[in-house]
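Peer 1:
Next comes the structure, spelled out in structure tokens:
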């Protein structure tokens, strides 16, 4: 079983739609959670961190359920520019020297259409 | 600030050839990382460094070596390239991890390597 699992999509949605992505993680020792965005043939960039209480950044809302080991990302009022792959990332202790190891999901592809 | 830069952007190698990928960051980050990204798989950590002069193995270190002689540079070497090393390679850097790895990793633009 993969440590981080995501639905690969693609999710094809019309502009203005609301879309939700889900992610599950298997290691209960995971401590921090993130959503990264990766455009085609580009590098991943941090979209937002995910906190236990849930957090919102404009049209984006992230939720974490530690009991179910589940993370979600909600995008409201989708724009064409939201088309990208969204990577679910979890972090836990695991690097020599005290650092945290990031484990990346394979990503969920979103295509927003006119 | 240029952030994280990588050279080269593209490279084609024949099996058995060697090469070095260079990563440079100008953010004074302590930690640096090399990942590879393959279709259907998440980014996987090859090697990392928690400071100048230190390196450590990640998940998939076989066939690669690294060096961090200067804080701002992190080199990834392939001594004898194999077709299984065809991939996109990303370098990343971050401040020291602090509590629960809360510091963002900044990625370079990637190197697309094909081994024939």
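Protein chains in written order, with the working numbering: chain V, 1 to 114; chain E, 1001 to 1116.
C-beta atoms are modelled at their ideal positions from N, C-alpha and C, and glycine is treated no differently.
(1) Would you kindly work out how many angstroms separate the C-alpha atoms of residue 93/V and residue 114/V, rounded to a whole number?
(2) Let me see if you follow: with CB-CB separation under 8 Å, is residue 116/V close to chain E or not?
(3) Using a Cβ-Cβ cut-off of less than 8 Å, list which residues of the segment 1008-1032 of chain E approach chain V; keep chain order.
(4) Taking CB distances under 8 Å as the criterion, tell me whether residue 1095/E reaches chain V.
(5) Count the other CB atoms within 10 Å of the CB of residue 1027/E; is the residue buried (16 or more) or exposed (fewer)?
(6) What is the DSSP secondary structure of residue 77/V, reduced to helix, strand or coil?
(7) Which value, in whole angstroms, describes the spacing of the CA atoms of residue 1085/E and residue 25/V?
(8) Please name the residue, chosen from 1082/E, 1075/E, 1079/E, 1116/E, that lies closest to residue 1035/E on a Cα-to-Cα basis.
(9) Establish whether the CB of residue 58/V and some CB of chain E are separated by less than 8 Å.
(10) In chain E, which residues lie with their C-beta within 7 Å of the C-beta of residue 4/V?
(11) Name the chain V residues that come within less than 7 Å of residue 1090/E, Cβ to Cβ?
(12) So what's residue 1008/E in DSSP terms, helix, strand or just coil?
(13) Can you give the Cα-Cα distance for residue 82/V and residue 90/V, rounded to whole angstroms?
(14) Which same chain residues end up closer than 6 Å to residue 104/V when comparing Cβ atoms and leaving out the 5 residues on each side of it in sequence?
(15) Does the beta-carbon of residue 1107/E have 16 or more other beta-carbons within 10 angstroms, so that it is buried, or is it exposed?
(16) Are the C-beta atoms of residue 1069/E and some chain V residue less than 8 Å apart?
(17) Determine the DSSP secondary structure at residue 9/V, reduced to helix, strand or coil.
(18) When burial is assigned at 16 or more other CB atoms within 10 Å of the CB, is residue 43/V buried or exposed?
(19) Please give me, in chain order, every unbroken run of the beta strand (DSSP E) with length at least 3 that falls completely inside the segment 1034-1075 of chain E.
(20) Would you call the segment 1014-1029 of chain E in contact with the segment 71-79 of chain V, where contact means no fewer than 3 C-beta pairs closer than 8 Å?
(21) Within 10 angstroms of the Cβ of residue 40/V, are there 16 or more other Cβ atoms? Answer buried if so, exposed if not.
(22) Where does residue 26/V fall in DSSP's three states?
Peer 2: The relevant details are as follows:
(1) For residue 93/V and residue 114/V, the gap between their C-alpha atoms comes out near 43 Å.
(2) Since the displayed chain V opens at 1 and closes at 114, residue 116/V lies outside it and no answer follows.
(3) 1031
(4) By the rule that beta-carbons nearer than 8 Å mark a contact, residue 1095/E does not touch chain V.
(5) exposed
(6) Coil at residue 77/V, not helix or strand.
(7) 27 Å
(8) 1075/E
(9) For residue 58/V, the answer is no, since every Cβ of chain E falls outside 8 Å of its Cβ.
(10) Listed along chain E, the residues sitting closer than 7 Å to residue 4/V by beta-carbon distance are 1042.
(11) 43
(12) coil
(13) 22 Å
(14) 87, 89
(15) By the neighbour-count criterion, in which a residue is buried when 16 or more other Cβ atoms sit within 10 angstroms of its Cβ, residue 1107/E is buried.
(16) no
(17) coil
(18) Its Cβ being crowded by 16 or more others within 10 Å, residue 43/V is buried.
(19) Counting whole runs of 3 or more residues, the segment 1034-1075 of chain E contains the beta strand (DSSP E) stretches 1044-1049, 1064-1067.
(20) no
(21) exposed
(22) coil
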